[in-house]
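Residue numbering for the sequence shown follows this note's numbering, beginning at 27 and increasing consecutively. Every residue, glycine too, gets a C-beta built ideally from N, C-alpha and C. Nothing here was measured: the structure is a model prediction, and the numbers come from that model. Read the structure below first, then the notes.
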Amino acid sequence: PHPCWEQKISRAVAAAVYAAEKQAVWPDELWPQAREFVSETIGQTPSYQAQNGGMAYFVAENRFVSPYLSAYTAYAFDYLERAGYEIPHQTQEKLAGYLLGLFKRTDQTADSAVLLTTRLLSADFLKKRGLITAADIAVFDRLVPLMSAFDKALYLRLNPGNQAVFDDLMNDSYPVSYTHLTLPTIA
Numbered sequence: 027p028h029p030c031w032e033q034k035i036s037r038a039v040a041a042a043v044y045a046a047e048k049q050a051v052w053p054d055e056l057w058p059q060a061r062e063f064v065s066e067t068i069g070q071t072p073s074y075q076a077q078n079g080g081m082a083y084f085v086a087e088n089r090f091v092s093p094y095l096s097a098y099t100a101y102a103f104d105y106l107e108r109a110g111y112e113i114p115h116q117t118q119e120k121l122a123g124y125l126l127g128l129f130k131r132t133d134q135t136a137d138s139a140v141l142l143t144t145r146l147l148s149a150d151f152l153k154k155r156g157l158i159t160a161a162d163i164a165v166f167d168r169l170v171p172l173m174s175a176f177d178k179a180l181y182l183r184l185n186p187g188n189q190a191v192f193d194d195l196m197n198d199s200y201p202v203s204y205t206h207l208t209l210p211t212i213a
């Protein structure tokens with residue numbers, strides 16, 4: 027029912043969240059094979075990873091690789107690793123090589139907004155592997171005014187202490203000033 031990689035990796039993340047938090051969700055077992063599903067999905071990665079290391083929705087050929095899907099996969103892999111799942115080293119290395127090429131890309135053939143989001147989405151994955159530095163990430167500072175709310179949220183993952191961007195994101199996301207919101211008390 028879910029033949030494309032984006033759907034599969036998204037379901038795997040949902041299964042991992044469920045497996046970790048199932049007691050908080052419902053007292054009964056709703057997805058008994060959730061952990062196995064995650065592992066099986068990770069095992070299918072090579073079927074969607076092209077020779078150049080990027081990820082494709084259906085056919086693992088370079089011409090069908092999606093930069094955004096590749097960055098999203100790296101983002102999902104980071105979560106799955108933190109949740110205790112093992113991502114094959116070779117898969118990660120190929121993906122990191124592809125994403126590093128995108129991160130360092132300077133040609134103007136790619137849509138600049140898509141490239142910015144892709145870079146932000148993959149930056150943490152690349153940084154954890156020592157492929158980019160804080161100086162590479164600092165380049166984003168000058169691009170904050172051009173960022174969407176999603177881009178700003180990704181930027182804050184890389185720079186969690188940046189109060190100005192946080193405030194800007196909150197102002198963009200909520201038309202009412204969040205400094206004047208009063209949370210209801212729960213008795």
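Secondary structure at Gln-118: helix, using DSSP grouped into helix, strand and coil. With respect to Ala-97, Ala-86 sits apart: the two C-beta atoms are not nearer than 8 Å. Annotation for Trp-31: the continuous alpha helix (DSSP H) segment containing it runs 31 to 51. Within the segment 81 to 157, the complete alpha helix (DSSP H) segments of 4 residues or longer fall at 93 to 108, 115 to 130, 138 to 154, listed in chain order.
Residue pairing from DSSP leaves Gln-189 without any beta-bridge partner. Three or more beta-carbon pairs drawn from the segment 135 to 143 and the segment 159 to 176 are found closer than 8 Å, and the two stretches are therefore classed as touching. Setting aside the 5 residues that flank it on each side, Lys-178 is surrounded in the same chain by Val-170, Val-191, Asp-194, Leu-195, Asp-198, each with a C-beta closer than 8 Å to its C-beta; the list follows chain order.
Leu-106 places its beta carbon 8 Å or farther from that of Ala-149. Counting only residues of its own chain and dropping the five nearest sequence neighbours on each side, Thr-117 has a CB closer than 6 Å to the CB of Thr-71. Note on geometry: alpha-carbon atoms of Asn-78 and Leu-146 lie some 20 Å from one another. Under the DSSP assignment, Ala-164 falls in the alpha helix (DSSP H) whose first and last residues are 160 to 164.
Distance between Leu-180 and Ala-42, taken at the CA atoms: about 21 Å.
CA-to-CA, the gap between Phe-151 and Met-81 works out to about 15 Å. Here the alpha carbons of Tyr-44 and Val-51 stand approximately 8 Å from one another.
Straight across, the Cα-Cα distance linking Ala-160 with Ala-102 is about 22 Å.
Of the candidates Arg-168, Lys-130, Phe-84, Glu-119, Phe-84 places its Cα closest to the Cα of Ile-35. From the listed residues Lys-130, Asp-54, Trp-57, the smallest Cα separation to Thr-144 is found for Lys-130. If you draw a straight line from the Cα of Ala-46 to the Cα of Ala-60, it is about 10 Å long.
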